[in-house]
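Encoded as structure tokens, the structure appears first; notes follow it.
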Amino acid sequence: MLPSETDVLVIGAGNAALAAAHAAREHGCRVVVLERAPEAEAGGNTRFTAGAIRFAYRGVDDLVDLMPDLTPEELAVTDFGSYPEEAFFDDMGRITEYRTDPDLCELLVNRSRATLLWMKSKGIRFAPIWGRQAFKVDGRFTFWGGLTVEASGGGPGLLEAWTASAAREGIAIHYGARAESLIVEEGAVVGARVRQGGRTHPLRATAVVLACGGFEANPEWRTRYLGPGWDLAKVRGSRFNTGEGIRMALEIGAAPCGNWSGCHAVGWERNAPEFGDLAVGDHFQKHSYPWGIMLNARGERFVDEGADFRNYTYAKYGRVILEQPGQFAWQVFDAKVSHLLRPEYRIKEITKVTADTLEELCARLDDVDAGRALETIAAYNDAVRTDVPFDPNVKDGRGTQGLAVRKSHWANTIDTPPFEAYAVTCGITFTFGGLRIDRQGRVLDKDLETIPGLHAAGELVGGLFYFNYPGGTGLMAGSVFGRLAGDTAGASAQAAAQAAE
4 MLPSETDVLV IGAGNAALAA AHAAREHGCR VVVLERAPEA EAGGNTRFTA GAIRFAYRGV
64 DDLVDLMPDL TPEELAVTDF GSYPEEAFFD DMGRITEYRT DPDLCELLVN RSRATLLWMK
124 SKGIRFAPIW GRQAFKVDGR FTFWGGLTVE ASGGGPGLLE AWTASAAREG IAIHYGARAE
184 SLIVEEGAVV GARVRQGGRT HPLRATAVVL ACGGFEANPE WRTRYLGPGW DLAKVRGSRF
244 NTGEGIRMAL EIGAAPCGNW SGCHAVGWER NAPEFGDLAV GDHFQKHSYP WGIMLNARGE
304 RFVDEGADFR NYTYAKYGRV ILEQPGQFAW QVFDAKVSHL LRPEYRIKEI TKVTADTLEE
364 LCARLDDVDA GRALETIAAY NDAVRTDVPF DPNVKDGRGT QGLAVRKSHW ANTIDTPPFE
424 AYAVTCGITF TFGGLRIDRQ GRVLDKDLET IPGLHAAGEL VGGLFYFNYP GGTGLMAGSV
484 FGRLAGDTAG ASAQAAAQAA E
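Every position in the sequence shown, counted from 1, becomes a number in the working numbering once 3 is added.
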């Protein structure tokens with residue numbers, strides 16, 4: 004049963020929200036977490052993620068601190084490299100075209116490793132991303148793209164660990180509890196009106212943390228802010244992320260911030276359902292495109308599949324696919340690279356064709372100009388730099404010559420049967436526009452003054468990502484800013500309680 008009051012109220016129950024709840028609880032506060040979804044669907048987008056998390060580390064010793072279960076044998080056959088703060092800053096700048104908010108970016112990068120160690124102290128475990136971010140070449144695994152670690156058990160495992168810790172810490176999570184509006188008195192947020200069981204209840208709090216996601220599951224807002232055609236995109240994750248937290252804050256004068264016309268969007272199974280499917284999880288994604296080519300309905304390539312490591316391009320290529328005729332594409336591979344395809348290509352919920360000849364394959368590509376597709380593949384094969392060695396662990400420079408749409412790396416001729424093709428469309432993950440916060444996680448109003456009692460974290464915070472996104476940064480941002488907002492909210496609630504004594 005919902006209480007009538009608490010010290011800190013957290014709206015949302017994903018990674019960012021539960022990080023905030025735990026940070027607030029460290030101040031001895033009473034903490035209540037509201038989850039709009041039923042328990043079986045709780046956790047927002049966190050439940051749907053594969054769990055990769057990007058952070059700065061100087062070398063293998065930093066990784067061992069985080070993952071003490073690494074064995075000597077694993078360490079002996081693995082090149083983890085390093086990903087210092089400078090590299091993280093460079094990636095955030097380069098990928099966002101240097102628009103990322105410098106204060107938010109500094110907090111994200113410099114607090115990334117310490118935040119993961121804090122999470123470890125709460126019972127959350129981490130593991131190397133052996134299968135997705137490292138290929139075995141000459142007997143050694145080599146990690147690439149600055150992304151090395153995932154939460155054990157992926158997003159579901161991360162939620163399970165957070166929820167178990169919340170139970171130990173005495174943090175109450177209420178499911179099926181939808182915050183409808185914020186309660187404001189004399190300019191300060193003092194709680195929220197919450198609908199549960201068909202009734203609306205006021206729930207007063209000294210501090211409120213909004214951490215309930217972006218507006219990706221709201222087709223009207225997608226079309227309004229992202230543009231025409233975005234109502235046709237699939238939603239990768241939670242059907243409950245409809246921008247309610249953003250709406251509630253804007254209604255009381257919060258400042259919007261960031262790339263409202265931008266989002267994280269990927270190549271996604273063409274015939275996936277409208278929203279994420281918990282039984283399939285993240286496996287509708289199709290991220291092995293660097294090893295092959297993509298064809299649109301005209302039978303033409305339309306993007307440089309090898310422009311960069313996958314985790315620096317996948318979050319923007321969904322938009323490019325949505326812009327193609329019919330909002331779809333086919334990813335094409337041959338037998339030389341089929342062993343490199345990620346496990347998501349082996350699920351049963353997939354639109355796939357195979358053939359022993361390219362003529363037969365192209366004829367089987369639904370809604371594609373087969374003749375033009377065959378011509379495109381032939382021209383591509385003739386343009387591949389076969390004199391350059393192929394190496395999936397590095398940007399190998401094995402590209403094409405003379406094509407209108409070049410391929411920069413990992414270009415292999417498509418000539419060895421059996422051939423495989425997979426139909427993809429756009430899957431939107433989360434939106435980049437949101438609320439403006441300060442360095443303490445407090446929400447700012449349109450005059451850039453803090454709104455007393457209101458804090459925010461996670462995907463509804465704007466200003467961090469523009470145009471694109473370095474893979475694994477979302478969970479890290481949720482963790483860093485969740486902890487930050489919860490710590491600030493907890494400290495203010497604690498101070499208020501002491502002042503009242």
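Don't be surprised by glycine CBs; every beta carbon is placed ideally from N, CA and C.
Same chain only: Cβ atoms within 7 Å of residue 345, ignoring 5 sequence neighbours per side: 135, 290, 291
Whole-angstrom C-beta distance between residue 28 and residue 172, which should lie under 8 Å: 5 Å
For residue 437, three-class secondary structure by DSSP: strand
Best match in 440, 182, 457 for proximity to residue 108 [C-alpha to C-alpha]: 440
Neighbourhood of residue 70 by C-beta, 6 Å cutoff - its chain only, sequence neighbours within 5 removed: 129
Residue-level contact to chain C via CB, residue 321, 8 Å cutoff: In the structure shown, chain C cannot be found, because there is only a single protein chain.
Start-end ranges of the beta strand (DSSP E) lying completely within the stretch 6-39, minimum 3 residues: 8-14, 34-38
Helix, strand or coil at residue 206 [DSSP, three-state]: strand
Residue 119 - containing beta strand (DSSP E), residue span: Per DSSP, residue 119 belongs to no beta strand (DSSP E); it is in the alpha helix (DSSP H), 115-124.
Short Cβ contact (8 Å threshold) for residue 330 with residue 428: yes
Beta-carbon proximity list for residue 198, same chain, < 7 Å, skipping 5 on both sides: 181, 183
Simplified DSSP state of residue 181, which is helix, strand or coil: strand
The stretch 327-343 contacting the stretch 366-376, beta-carbon criterion three pairs below 8 Å: yes
Range of the contiguous beta strand (DSSP E) that encloses residue 165: It is not in any beta strand (DSSP E) - residue 165 instead sits in the alpha helix (DSSP H) that spans 157-172.
CA nearest to the CA of residue 402, picked from 309, 367, 357: 309
Inter-residue CB distance, residue 355 and residue 425 (contact presumed, cutoff 8 Å): 5 Å
Chain-order list of residues whose beta-carbon lies under 7 Å from that of residue 150 (same chain, five-residue window excluded): 55, 57, 132, 136, 314, 474, 475
First and last residue of the uninterrupted beta strand (DSSP E) at residue 334: 332-336
Residue 449 versus residue 174 - alpha carbon distance: 33 Å
Cβ distance (whole Å) where residue 194 is taken to contact residue 205 below 8 Å: 6 Å
For residue 290, three-class secondary structure by DSSP: coil
Same chain, Cβ closer than 6 Å to residue 23, neighbours up to 5 away in sequence not counted: 13, 212, 214, 460, 485, 488, 489
8 Å contact criterion, which residue 51 and residue 239 should meet: CB distance rounded: 6 Å
Reduced DSSP category for residue 70 - H, G, I as helix; E, B as strand; rest coil: coil
Every unbroken beta strand (DSSP E) inside the stretch 436-487 [3 residues or more]: 445-447, 453-459
Reference residue 118, options 159, 144, 59, 91, closest by Cα: 59
Closest residue to residue 62 among 342, 16, 284, 84 (Cα-Cα distance): 84
Residue of 49, 294, 386 minimising C-alpha distance to residue 338: 294
In DSSP terms, what residue 139 is bridged to: 144
Beta-carbon spacing of residue 35, residue 74 below 8 Å: no
C-beta atoms of residue 430 and residue 321 nearer than 8 Å: yes
Residue 95 classed as buried or exposed, judged by whether at least 16 other C-beta atoms fall within 10 angstroms: buried
Buried versus exposed call for residue 16 [16 or more other C-beta atoms within 10 Å across all chains shown]: buried
3 or more residues per run - each beta strand (DSSP E) lying fully within the stretch 187-270: 191-199, 202-213
Assumed close pair residue 379, residue 420 - CB separation to whole angstroms, cut-off 8 Å: Not quite, the Cβ-Cβ distance comes to about 18 Å (not below 8 Å), so this is no contact.
Endpoints, beta strand (DSSP E) assigned at residue 129: 129-131
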